[in-house]
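A.B. asks:
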Amino acid sequence: MLVILFLTACGNGGRDSDDSDGDGSLGGAGGLGGGSGSSGDAAIDSDAVLDSAMQSVALSDEDLSAAIAAADLDLQMALAQKSGLRTELGGDEATRAMLAAIGFDMELAAELFAAGALFDGQDPQSAQKKPLFDMKKPGARVQADDGGSLGEAFGAGWLGGSLFNGAFVDLVVRGYSEGKSGVESQVSEEITATAGLSDTLVTIDATAIFKLQSLSSTIKTHSGIPCPDANGLVTVNSSLDITAQAGNAYQNVGFRFELIAEVDDDAKLTGKNQLTSRTQNHTADSSQGYDTTDGTVDISITEFSDGKFGDAKGSYQGMTEKEMLGWMGMGMLSGELYRRQLLPHLQTMLEAGRCVNITVEPSAGPLNLDPFTNVDLLTKPRAKIDSKAAHGTVQASFKKNAGGSILESGEKVKADATFHYLSPSEHEQTEVVTFQARSKRGTGKLDYTLTTSPHAD
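Using the numbering used here, the letters of the sequence shown correspond one by one to residues 1250 to 1706.
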């Protein structure tokens, strides 16, 4: 079973790359509240964290989904014993069947969303398929050759149906790149999805509520994706909370992810990124004789620009070492899914031209210039998130040319950049110059209009 291999292997794997800065940290591991330094924590061997990361990275998308589905259902079942959920639902078989059935509903809802049919009442072809699972033996495929992914074959991974998926992120990032702003929400019977778009921040939220007999489940997800900070770091914070409740039994698993990606002076991702995750589980209600428990696992791993991994750290509290291995594996698997879903979209956001503002200070004009006038155009790119100098470069090109010229046209000039413009030789001409700024703060774009006077004095 994939997840067993994932949790038990402890080879050397990849090790720290030479391009690390000191301990390799990008400076954001504390954003999840620390954890590795509190007095009640026990350290996790760094090799175990590193090897888990290497194995999760090596999995194909299909195998990663399979491993998550298997680990998810097994860990939910382990919690169900402590929380009393298993007792409330009538034993192991009934509990596993209900968890699997709700997980399948969540997975189908995510599939409908990805197909664009979730909120318009239409069913994609996949929704017409016969059930993929035998509810008497959750996790077992009815027919192994009936299509579907390995993830489906392993069972009802609640994470797979959480709307924390690439289709949702892709839809929102596409809107950001097209210049959309504001808050948009979509609601179906079980799911509410909301996206907030501004120049400097994209937020993605989804809540899914599913019920089956006495079992009620809720999944809440959130991601906030900002423009790069002054150090050229994009820090994406996300959360995923999964709750199951029946009668007096209650259990919750919370994931907190922080992904920090490095941007170079040309607004390109360097490939270096740091993933930090915190996995927390909680069970109640002790008044009914069930256990009240709290456990936490914190892990952090850095991928360097050469594709190697290092700077592995981890700690845990409130659980046994065996339990820690399970939750560490789940945190790493889901963290890798999270990284794969977000990283490809960060470069798209950087290229959207919305993180940097450009102002132009002309030595003359820019309107009603005399023909053959020399004008110095001082361009100042500033990060919108804090109004600080973006540095980097600025490039100028004509969007509309009526005979004028720019000495540095097409060149990347170090910011703040001065361009030497010569107006057209005739009156009543209009030209538009496009300035594009690139830096570790992202990109900016400005169309700047210059004209010559309508007639001779």
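We treat Cβ as the ideally placed atom computed from N, Cα and C, and that holds for glycine. Fair warning: this is a prediction, and the values are worked out from it, not measured in the lab.
1) Any chance you could list the alpha helix (DSSP H) runs of at least 4 consecutive residues sitting entirely within the region 1452-1509, in chain order?
2) Is GLU1600 helix, strand or coil when you go by DSSP?
3) Leaving out five residues on either side along the sequence, give the residues of the same chain with a beta carbon under 7 Å from the beta carbon of PRO1620.
4) Just how far apart, CA to CA, sit GLY1428 and GLU1337?
5) Using the Cα positions of ASN1530 and THR1484, report the straight-line distance between them to the nearest angstrom.
6) On a Cα-Cα basis, can you pick out the residue from LYS1460, THR1470 and LEU1357 that is closest to TYR1587?
7) Counting only the same chain and skipping the five closest in sequence on each side, list residues whose C-beta sits under 7 Å from that of SER1447.
8) Where does LEU1616 fall in DSSP's three states?
9) On a CA-only basis, which of MET1326, ALA1358 and GLY1641 is nearest SER1437? Give me that one, please.
10) Does DSSP put GLN1566 in a helix, a strand or coil?
11) Just confirm the distance between the C-beta atoms of ILE1351 and LEU1518, as a whole number of angstroms; I'd bet it's less than 8 Å.
12) Determine whether the beta carbon atoms of LEU1489 and SER1583 lie at a separation below 9 Å.
13) Between the region 1609-1625 and the region 1590-1597, do at least 3 Cβ pairs fall closer than 8 Å?
14) Drop a sphere of 10 angstroms on the beta-carbon of GLY1580, count the other beta-carbons inside from all chains shown, and report buried for 16 or more, exposed for fewer.
15) Residues in the same chain with beta-carbon distance under 6 Å from LEU1656, minus the five sequence neighbours each way, listed in chain order, please.
16) Exposed or buried, GLN1325, counting other C-beta atoms within 10 Å across all chains shown (16 or more means buried)?
17) Residues in the same chain with beta-carbon distance under 7 Å from THR1449, minus the five sequence neighbours each way, listed in chain order, please.
18) Only counting the same chain, and skipping five residues up and downstream in sequence, which positions put a Cβ closer than 8 Å to that of LYS1521?
19) Pull up the distance between the alpha-carbon of ASN1650 and that of THR1683, whole angstroms please.
20) Going along the chain, which residues of its own chain have a beta-carbon closer than 6 Å to the beta-carbon of ASP1665, five neighbours each way excluded?
21) Let me know the beta strand (DSSP E) ranges lying completely inside the region 1617-1699, each 3 residues or longer, listed in chain order.
22) Under 7 Å Cβ to Cβ from VAL1234, same chain only, skipping five residues before and after it: list those, please.
23) Let me check understanding here. Comparing Cα to Cα, which of GLN1685, ALA1329 and ASN1480 lies closest to SER1466?
24) Would you mind giving the Cβ-Cβ distance between THR1679 and LEU1626, rounded to the nearest angstrom? I have them listed as a contact below 8 Å.
25) Using CA atoms only, rank isn't needed, just tell me which of ALA1455, SER1301 and ALA1320 is closest to GLN1248.
26) Measuring CB to CB, does ASN1480 end up less than 9 Å from LYS1694?
27) Using a 10 Å radius around the Cβ and a threshold of 16 neighbouring Cβ atoms, would you call VAL1502 buried or exposed?
28) Check whether the Cβ of GLY1520 lies closer than 9 Å to any Cβ atom in chain C.
29) From VAL1432, GLU1439, ILE1440 and ALA1444, pick the residue whose C-alpha is nearest to that of LEU1420; which is it?
30) Return the residue from the list ASP1321, VAL1624, LYS1637 and SER1636 that minimises the CA-CA distance to SER1654.
31) Find out if the Cβ-Cβ distance for the pair THR1642, ASP1515 is shorter than 9 Å.
32) I need the straight-line Cα distance from ALA1493 to ALA1638, nearest angstrom please.
33) Only counting the same chain, and skipping five residues up and downstream in sequence, which positions put a Cβ closer than 6 Å to that of THR1441?
34) Kindly indicate the opening and closing residues of the beta strand (DSSP E) around ILE1317.
35) May I have the straight-line CA-CA distance separating ILE1468 from GLY1602, to the nearest angstrom?
36) Sort out for me which residues DSSP pairs CYS1558 with in a bridge.
C.D. replies: On the basis of the coordinates in this document:
1) Within the region 1452-1509, no run of alpha helix (DSSP H) reaches 4 residues while sitting entirely inside it.
2) Of the three classes helix, strand and coil, the one that applies to GLU1600 here is coil, per DSSP.
3) Closer than 7 Å at the Cβ level, and outside the excluded window around PRO1620, lie SER1672, PRO1673, SER1674, GLU1675, HIS1676 and THR1701.
4) Answer to the nearest angstrom: the Cα atoms are 50 Å apart.
5) Cα to Cα, ASN1530 sits roughly 25 Å from THR1484.
6) Scanning LYS1460, THR1470 and LEU1357 for the CA closest to the CA of TYR1587 turns up THR1470.
7) Excluding sequence neighbours, SER1447 sits near SER1430.
8) In the structure shown, LEU1616 sits in coil (DSSP, three-state: anything other than H, G, I, E or B).
9) Relative to the Cα of SER1437, the nearest Cα in the group MET1326, ALA1358 and GLY1641 belongs to ALA1358.
10) It is a strand residue.
11) That pair is no contact at about 37 Å.
12) Yes, the Cβ-Cβ distance between LEU1489 and SER1583 is below 9 Å.
13) A contact between stretches requires three or more CB pairs, one per stretch, nearer than 8 Å, and the region 1609-1625 fails this requirement with the region 1590-1597.
14) Of the other Cβ atoms in all chains shown, 16 or more fall within 10 Å of the Cβ of GLY1580; this residue is therefore buried.
15) HIS1669, listed in sequence order.
16) In the assembly as shown, GLN1325 is a buried residue. Its beta-carbon has 16 or more other beta-carbons within 10 Å.
17) So the list reads PRO1475, CYS1476, CYS1604, LYS1633 and ILE1634, once near-sequence residues are dropped.
18) If we look at LYS1521 and ignore the five residues flanking it on each side, its Cβ neighbours are ASP1268, LEU1275, ALA1510, GLU1511, THR1551, GLU1552, PHE1553 and SER1554.
19) Rounded to whole angstroms, ASN1650 to THR1683 spans 11 Å at the Cα level.
20) Correct list, in chain order: LYS1629.
21) Fully enclosed beta strand (DSSP E) runs of 3 or longer: 1623-1632, 1642-1649, 1661-1663, 1666-1671 and 1679-1688.
22) Residue numbering for the chain in the displayed model covers 1250 to 1706; residue 1234 lies beyond these limits and cannot be assessed.
23) For SER1466, the closest alpha carbon among the candidates GLN1685, ALA1329 and ASN1480 is that of ALA1329.
24) Not a contact, Cβ separation roughly 16 Å.
25) A question about residue 1248 goes unanswered here, because the residues of the chain that appear run from 1250 up to 1706.
26) Their beta carbons are not under 9 Å apart, which means ASN1480 does not touch LYS1694 by this criterion.
27) Residue environment analysis places VAL1502 among the buried positions, since at least 16 neighbouring C-beta atoms fall within 10 angstroms of its C-beta.
28) The structure shown contains no chain C, having only a single protein chain.
29) When only C-alpha atoms are compared, the closest one is ALA1444.
30) From the listed residues ASP1321, VAL1624, LYS1637 and SER1636, the smallest Cα separation to SER1654 is found for VAL1624.
31) Yes, the Cβ-Cβ distance between THR1642 and ASP1515 is below 9 Å.
32) Spanning the two alpha carbons is a distance of roughly 49 Å.
33) Cβ contact annotation for THR1441 (same chain, cutoff 6 Å, sequence separation greater than five): THR1456, in chain order.
34) That residue, ILE1317, is in no beta strand (DSSP E); its alpha helix (DSSP H) goes 1310-1332.
35) Their Cα atoms are separated by approximately 34 Å.
36) The sequence shown places Phe at residue 1558, rather than the Cys named in the question. Paired residues: GLU1552.
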